[in-house]
Structures are given as C-alpha cells and as structure tokens.
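Everything on this sheet refers to the single structure shown next.
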Amino acid sequence: MAVNKCIKYLLFFFNLLFWVSGCIILGVSIYLKVSKDGNQITNESLPGIDLMIAIGVIIMVLGFLGCCGAIRENRCMLLLFFITLLLIFILLLAAGILGAVGEKKLKCCGLVNGPSDWTQIPESCRCNKTEPDCGSSALYDEPCSNKIITLMEKNMEVVLGIAFAIAILLIFGMAFAMILYCQIGRKDGATGTTTNA
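Position in the sequence shown (first residue = 1) + 91 = the working numbering.
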C-alpha cells in the first residue's frame, strides 16, 4: 500500500509553517529579552520570555524534523513530532501563566490564598499603603489567580482566538503525523511480506 502523497505534502507544508512560527517566536522573544530600554513588560516578566525563547528553539527544531520525517517517510521522526506537539502546548500554557503571574502590574500576591500561599513573602507582594489595592499589612491581599481570571475575561476574545488557532494547528499536525505514520507502517509491512514470499 502506497503512502498518500497529499497527506505527505500537507504535513510537510504544515511543518514548514511550524518552523517559520518557531522562528517568529524566537525572534520576538530575543528582541524582548535584549531591548530593555524602558519596556515595562520586558523588565517584569523575564521568566516568561526565557521560556518563550526555549519554546521557539524547540518549535524550530521539531518543524525541521517534521519536514524531514514527512519527505523521507521516517516513522521515528513522525512519532517524535507527534509526541512533542502535546509537550509544546503545555509549555505555551505554562509560559502564559508565568508571564501573567510574574507581571507586577497585577498587584497581587500568591496564587490562590493571597499572602498565606508563601512561607517567606517575596518583595513583589509588598506595596505602599497609599495604593488602593494595598492591604492593611502593606501587602497585596488579592490572589493572582483572581487577577489573571479578570485579565483573561477582559481579553477573552483574543485569548480564545489564540487558543483556538493553536488547538487547530496541533490537531491537524497530530492527525496528519499519525495518518502518515500508520501508512508508512502498512507500506513497510506489505513490502516485508512481498520480500519473504
């Protein structure tokens, strides 16, 4: 049984787009990391930017491997690509949460229970009593999870659009990779049977 050429080339072009998106993520992340000239976002959410640089590199490498796996019909590369798509989604989600929690503009402390989440309260929780969000003990009382939810609700259309686009890309990528992986396996099995006969 032959491999479907349409799926093979669709997967190749998908991985090419994947590689280009990795280049864009890496380029923007490096730009944000390097240009600290008064950019408030860069100065306050460096952990998220570092994670985005790592994600950009991983996406570039996997896009390249996916292209090679599709064109050369290499099952190992296709399986590696399939498995790591799930890991990339988890990393992107973690980067978004890290960036939001690390942003001191949120004026919050702790993730769920406020300052009581910490055994040793970090400097980011401390505030000036004259600020409206500052509690009686010169600490932000509101947990960051509440602030993140409020922030997401304000930007729900953008968040949903990005999440939907990523989900569609991941689903198509995984589906094409697994279909091609199975077709190559059947082709190899049929070739082995013919040779033994």
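Heads up, the beta-carbon is just placed ideally off N, CA and C, and yes, glycines get one too.
Quantities reported herein were computed from a predicted structural model and do not represent experimental measurements.
So for residue i, helix, strand or coil by DSSP?
i: residue 230; result: strand
i: residue 199; result: coil
i: residue 97; result: helix
i: residue 216; result: helix
i: residue 177; result: helix
i: residue 279; result: helix
Ordered along the chain, which non-local residues of its own chain (more than five positions away) have a Cβ less than 7 Å from that of residue i?
i: residue 108; result: none
i: residue 225; result: 218, 219, 231
i: residue 271; result: 94, 98, 99, 102, 161, 169
i: residue 255; result: none
i: residue 96; result: none
i: residue 267; result: 98, 101, 102, 105
i: residue 275; result: 94, 164, 166
Among residues of its own chain, excluding the 5 on either side of residue i, which ones have a beta-carbon nearer than 6 Å to its beta-carbon?
i: residue 106; result: 154, 157, 158
Rounded to whole angstroms, how far is the Cβ of residue i from the Cβ of residue j, which I believe are closer than 8 Å?
i: residue 150; j: residue 120; result: In fact, because the Cβ distance is near 11 Å, the residues do not count as touching under 8 Å.
i: residue 204; j: residue 234; result: 6 Å
i: residue 179; j: residue 146; result: 7 Å
i: residue 176; j: residue 265; result: 5 Å
Based on Cα-Cα distance, which residue from the options lies nearest to residue i?
i: residue 213; options: 266, 160, 221, 201; result: 201
i: residue 219; options: 210, 232, 270, 211; result: 232
i: residue 279; options: 124, 240, 165, 221; result: 165
i: residue 199; options: 110, 167, 96, 239; result: 239
i: residue 241; options: 267, 275, 256, 197; result: 197
i: residue 228; options: 207, 236, 245; result: 207
i: residue 172; options: 115, 216, 110, 281; result: 110
i: residue 261; options: 181, 281, 211, 209; result: 181
Give me, in chain order, the residues of the same chain whose beta-carbon lies closer than 8 Å to that of residue i; leave out the 5 immediate sequence neighbours on both sides.
i: residue 263; result: 105
i: residue 148; result: 113, 117
i: residue 167; result: 160
i: residue 237; result: 199
i: residue 209; result: 200, 201, 216
Does the Cβ of residue i lie closer than 6 Å to at least one heavy atom of the ligand ZN?
i: residue 217; result: Among the components of this structure there are no ligands whatsoever, and the ligand ZN is therefore not found.
Runs of alpha helix (DSSP H) lying entirely within the segment 101-169, each at least 4 residues, in chain order: 131-135, 137-163
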